[in-house]
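Participant:
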Amino acid sequence: MDKKNYECLSHDSYTYEELTIKTIEPDFIEKIRRWRNAQLDILRQNNKITKEEQSTYYKKNIWSDMGKTPKNILFGIFNKNTLIGYGGLVNISWRDKRAEISFLIDKTFSHYEHGEILQKFIRLIKQVAFDGLKMNKLWTETYDQRTYHIQSLEDSGFKVEGILKEHYIIDNAYVDSLIHGFTQKDIKV
C-alpha cells in the first residue's frame, strides 16, 4: 500500500531533539501489533491481535479516514532513525476541539527512558494539536500503577481531572484509572 498523508496536517513529520514522529505507514503496523500484544497490562485491549485483525483495523479505521477530520491521527515514533513506538491523537472530537493522546513504545526501554521519550512526544503532539489543528484540549487515561508514566504527564503540564476508582482488573487486582487533561489555557506564554 502506498504511503498516505492526513489532509488536516501541514507536515508528515515533526522533530524535537533526537525524537521524530512520522505519520503512520503500512510498514509500521506489524511492529505496533507486537508491541500491543506484549503490553496488554497497560492497554484497554483485552486480547492479543492477529495480523489479519491488525490489517483489517488499519484498512477500515485508519487508511480510509485520513481526510480533513479523521477520528484518529497516528504517528510512528522514531529515536534517531529507529522506530521505537507509536502514538497520536485518538477519539478526536472536531466539534469540541479535543483529542485523547495515545502513546506506546517498545517495552525494552527503562522507566526513566520511557519518561524522557513521553515528555518529548508530548511536546511534539502539543505542537500538532494546538498549533496545527487548533485543538483546545488534550486528555489521556492511565492506570495508577504506572507512576513513572503519570509523573511524565504531570511534568509535561497535564493535571489530574478525575480518578475512576477500581475501574480495571490487572493481574487479578483492581486498579484506578487516572484522567489527565491539558488545555490551550495551560500553555505557558
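Under this note's numbering, the first residue of the sequence shown is numbered 997, with each subsequent residue one higher.
Yeah, the Cβ is synthetic: ideal placement off N, Cα and C, and Gly gets one too.
Could you tell me whether the Cβ atoms of Lys1067 and Ile1045 are closer together than 9 Å?
Facilitator: No, Cβ-Cβ distance for Lys1067 and Ile1045 is not below 9 Å.
Participant: Leaving out five residues on either side along the sequence, give the residues of the same chain with a beta carbon under 7 Å from the beta carbon of Asp1179.
Facilitator: Going by the sequence as given, residue 1179 is Thr instead of Asp. Here the set comprises Asn1132 and Lys1133.
Participant: Does DSSP put Val1185 in a helix, in a strand, or in coil?
Facilitator: In this prediction, Val1185 has a pLDDT of 45, which is less than 50 and means its spatial position is unreliable; what the coordinates show is noted afterwards. The answer is coil: DSSP assigns Val1185 none of H, G, I, E or B.
Participant: Mind checking Lys1122: buried by the 16 CB within 10 Å criterion, or exposed?
Facilitator: So Lys1122 ends up on the buried side.
Participant: Here's the rule I'm using: 16 or more other beta-carbon atoms within 10 Å means buried, otherwise exposed. How should Val1185 be labelled?
Facilitator: Only weak support is given to the placement of Val1185: the predicted model assigns it a pLDDT of 45, under 50, and the value that follows is read from those uncertain coordinates. Per the 10 Å Cβ criterion, exposed.
Participant: Which same chain residues, not among the five before or five after Asn1168, have their C-beta less than 7 Å away from its C-beta?
Facilitator: Cβ neighbours of Asn1168 beyond the five flanking positions: none.
Participant: Report the CB separation of Thr1065 from Trp1090 in whole angstroms; it is logged as a contact under 8 Å.
Facilitator: Rounded, the Cβ-Cβ distance is 5 Å, consistent with contact.
Participant: Between Lys1155, Gly1072, Ile1175 and Tyr1164, which has its C-alpha nearest Lys1181's C-alpha?
Facilitator: Nearest C-alpha to Lys1181: Lys1155.
Participant: By Cβ distance, which residues of its chain are closer than 8 Å to Trp1031, with the 5 residues on each side in sequence left out?
Facilitator: So the qualifying residues of the chain are Gly1081, Tyr1082, Leu1100, Ile1101, Asp1102 and Lys1103.
Participant: Who are the Cβ neighbours of Asp1061 in its own chain at under 8 Å, not counting the five residues just before and after it?
Facilitator: The answer, listed in chain order, is Lys1067 and Asn1068.
Participant: What three-state label does DSSP hand Gly1158 in the structure shown?
Facilitator: Three-state result, Gly1158: strand.
Participant: Within 10 Å of its beta-carbon, does Arg1040 have 16 or more other beta-carbons around it, so buried, or fewer, so exposed?
Facilitator: That one is exposed.
Participant: In whole angstroms, give me the CA-to-CA distance for Glu1021 and Lys1000.
Facilitator: Distance between the alpha carbons of Glu1021 and Lys1000 is about 7 Å.
Participant: Near Ser1138, what residues of its chain come up, given a Cβ to Cβ distance below 8 Å and the 5 sequence neighbours on each side ignored?
Facilitator: Inspection of the sequence shows that residue 1138 is occupied by Thr rather than by Ser. Result list for Thr1138: His1145, Ile1146, Leu1149, Ser1173, Leu1174 and His1176, in chain order.
Participant: Buried or exposed: where does Lys1116 fall if 16 or more other Cβ atoms within 10 Å of its Cβ makes it buried?
Facilitator: Lys1116 is buried by the Cβ-count criterion.
Participant: Report back the beta-carbon spacing between Gly1084 and Ser1006 to the nearest angstrom; my notes put them in contact at under 8 Å.
Facilitator: With a Cβ gap of about 16 Å, Gly1084 and Ser1006 do not count as contacting.
Participant: Would you list the one or two residues that DSSP bridges to Leu1079?
Facilitator: Leu1079 pairs with Phe1074.
Participant: Closest by CA to Lys1093, which one among His1110, Lys1130 and Glu1157?
Facilitator: Comparing Cα positions, the closest option is Lys1130.
Participant: Hey, could you find the ends of the beta strand (DSSP E) Thr1136 is sitting in?
Facilitator: Note, Thr1136: beta strand (DSSP E), Lys1133 to Tyr1139.
Participant: Rounded to whole angstroms, what's the CA-CA distance from Arg1119 to Leu1070? Just pull it up for me.
Facilitator: Arg1119 and Leu1070: Cα-Cα distance of roughly 15 Å.
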